[in-house]
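Inspection log for the structure reproduced underneath, given as structure tokens.
Written as structure tokens, this is what we have:
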């Protein structure tokens, strides 16, 4: 039997660590939590200082029995759960279950699963940090008090299976508030005037700026006509040429939220998928002779800090691959965030900068490699020199009418040679060259093109946008974002359309009730303050019982009021407009696990169901008699076909639009692009501006 027992959370991690530590150590996995609050009851005694009642999680009995047997035979037991609050709580629960001395130095933590990091961590074991345990316990109890008190009320008053939580309710409110903004949005007209200019053999673009050096908005066609009427001829004098050098700094290494956002933008990954792949990369991948190796540091973090060793390794890599001039001379400083940065461990980075994506390609799945490449490139770029841009601004005057041309080109690429951060709303920065223009010279206009525009409503939340907003508001923590987004979808409160959240009728009903009877739950400032209070518990500044009690005293009054005054909400079945072909009773629309479907109202006597046919309001361009409907392929990909199929075999992967192309009179379609949707002709080259 080995001298020392080490308990980690997952078998993959256990295998790697045991190889690093050697024969004296036996490493076993607890498979996550071993104790928790019971599912069948509240499990919190509100009359006895909110004392939690922990029980062994169902199915964990055999695991715990094996761990107890191994612990009795070992000289010392080390608890090596993840280096965050939840990991600290798991270590504490294990210590209780195994009857370990809580004052012993049994806790080891490491930010990366590498040989050096593991061996170093075992040189510095410590006691279990009870402040961190209390902070996690306070979060768990708060969520239990909210969920297990509000949910039964919603079950009675609305329907079974509903829930309300601190973070999920705020997320739902943000989505619904945004939807209301969109519904109430009043578009405003504005115009632009674009000009194509020529000087000698050189051509360039410039746009209307203003009158006599003062910027002017063009709000109507009359404004445009007034400007055009003041212009005389095609000659424009170049009155000002401004050239500047601008530095562009690299992005900081990933934290949990920025990784989820960037993986959504660049890889099209959902938050849950990103975290699942990151967990696999953290715990280790078998790379042949070296065995199982952890590829990245711990993926639940809100710190952009990196170790000096990692920084030096990155510098060596950059010098070897790109040259000394590409090494960052002064580090980019971290941006302050609304939420408190716990800085418990490093940013998300590769465990070795020398382990390039290309060198490990054969050992990783396609998606593992894509995420690892993103993390590796972001980290390497964060240690590279800023990019240097040459920018140029040119003013052109025709009488008192001013046009302005702006251009830029990369003088020195710096970090951009490796990585450029994505964006939700704008395309990546592109070079725009301007010819050599000088003050006093004259340029001629080839064309002057006025364009009408309308302001657009704010976009619906994508997962990336919502995570970013929650982080900025100080709502939730790195480990909560993905589960929160999952919960509001599973409960049927929101749906995803084109990767954007749309609230359902059920979601709006639930939020309306929570707003009326539990206003503090959906109050953004209140929820953000609660997160700060939990941080204060971790810092040892406040006792966890105090913040629970402060919350519950008012919450209990709201519960009593809701029980007495909340009226029952009847969600009536929506009639589908057709009768059941089996029994003749009306068909109704039901909400199922995979969305809405039609079912017979005579259930359970008649169990007829069928999918809902979604018409898009466009006549089939092929047969002229059928209607275009939305369909799904076997791989759940949406396409559009004629309802006369198989007589008519019209098919389009792009959504048809109910107006003809103004250029060739053929069918217009809405094409989904990475940076928004674009309406274009299905036949000719006609295109409209992309819609964000």
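Numbering (the working numbering), first residue to last: 7 to 698. Where is the CB? At the ideal position from N, CA and C, for every residue including glycine.
Query                                                                                                                             : Result
Buried/exposed call for residue 112, threshold 16 Cβ in 10 Å                                                                      : buried
C-alpha gap between residue 43 and residue 100, whole angstroms                                                                   : 15 Å
Distance CB(residue 151)-CB(residue 50) smaller than 8 Å                                                                          : yes
Own chain, CB closer than 6 Å to residue 412, minus 5 neighbours either side, in chain order                                      : 399
Boundaries of the beta strand (DSSP E) in which residue 408 is found, first to last residue                                       : 407-418
For residue 476, the first and last residue of its enclosing alpha helix (DSSP H)                                                 : 469-479
Distance between beta carbons of residue 527 and residue 175, contact taken as under 8 Å                                          : 5 Å
Contact between the region 613-628 and the region 662-676 (3+ Cβ pairs under 8 Å)                                                 : yes
Nearest residue (CA-CA) to residue 576, options 630, 98, 516, 542                                                                 : 516
Closest by C-alpha distance to residue 397, when choosing among 497, 484, 443, 202                                                : 443
For residue 668, the nearest candidate out of 679, 650, 689, 657 (CA to CA)                                                       : 689
Alpha carbon of residue 248 to alpha carbon of residue 322, nearest angstrom                                                      : 38 Å
Exposed unless 16 or more other CB atoms sit within 10 angstroms - verdict on residue 127                                         : buried
Beta-carbon contacts of residue 135 that lie in its chain and below 7 Å, excluding the five residues immediately before and after : 94
Spatially closest choice to residue 596 from 579, 544, 573, by CA coordinates                                                     : 579
Beta-bridge pairing of residue 585 - partner residues as DSSP gives them                                                          : 592
C-beta atoms of residue 420 and residue 381 nearer than 8 Å                                                                       : no
Whole-angstrom distance between residue 637 and residue 593, CA atom to CA atom                                                   : 20 Å
Cutoff 8 Å; reference residue 629; Cβ partners in own chain excluding five residues on either side                                : 648, 650, 653, 654, 656
Neighbourhood of residue 131 by C-beta, 8 Å cutoff - its chain only, sequence neighbours within 5 removed                         : 84, 111, 112, 113, 114
Three-way DSSP call (helix, strand, coil) for residue 102 in this model                                                           : helix
At least 3 beta-carbon pairs within less than 8 Å: the region 442-460 vs the region 185-204                                       : yes
CA-to-CA distance, residue 354 to residue 121, given in whole angstroms                                                           : 18 Å
Stretch pair the region 294-312 + the region 355-363: three plus CB contacts closer than 8 Å                                      : yes
Through-space distance from residue 368 to residue 36, alpha-carbon basis                                                         : 31 Å
Close Cβ partners of residue 92 (< 7 Å) along its chain, the five nearest in sequence each way excluded                           : 142, 485
Identity of the residues DSSP links to residue 260 by a beta bridge                                                               : 354
Residue closest to residue 645, alpha-carbon to alpha-carbon, out of 691, 311, 52, 678                                            : 678
Contact belief for residue 263 with residue 474 at Cβ below 8 Å, rounded distance in angstroms                                    : 7 Å
Where the alpha helix (DSSP H) containing residue 391 begins and where it ends                                                    : Taken as a continuous stretch (DSSP letters only), residue 391 belongs to no alpha helix (DSSP H), as it is neither H nor E.
Residue environment, residue 47, which counts as buried when at least 16 other CB atoms sit within 10 Å                           : exposed
Three or more C-beta pairs below 8 Å linking the region 582-589 and the region 605-621                                            : yes
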